[in-house]
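Per our numbering, the sequence shown starts with residue 241, numbered consecutively.
Don't be surprised by glycine CBs; every beta carbon is placed ideally from N, CA and C.
Heads up, the thing below is written out as structure tokens.
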Amino acid sequence: GYSPAPLLEASGGVNTDNVREIAMTGVDFISVGALTHSAPSVDISMKITGPGHAEKSVN
């Protein structure tokens, strides 16, 4: 049967300075972790309770 060529991803050490050069290799996908490494964090939380155990919000 027909077996399509695998899709290729470049990952690791990729940044905005070298992403164009990597793209020119012909890979299908590029992961650029450098875009999120220095993103500011947000402190959030979510409390999940069972049915009938909803807490009232205190404002």
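Element boundaries [alpha helix (DSSP H), containing residue i]
| i | result |
| --- | --- |
| L275 | 274-277 |
| A263 | 259-263 |
Helix, strand or coil at residue i according to DSSP, with G and I counted as helix
| i | result |
| --- | --- |
| I288 | coil |
| A245 | coil |
Integer-rounded CB distance, given that residue j should sit under 8 Å from residue i
| i | j | result |
| --- | --- | --- |
| A245 | I270 | Not quite, the Cβ-Cβ distance comes to about 17 Å (not below 8 Å), so this is no contact. |
Is the stretch 278-294 close to the stretch 246-265, with three or more CB pairs under 8 Å? Contact between the stretch 278-294 and the stretch 246-265 is absent, because fewer than three Cβ pairs lie under 8 Å.
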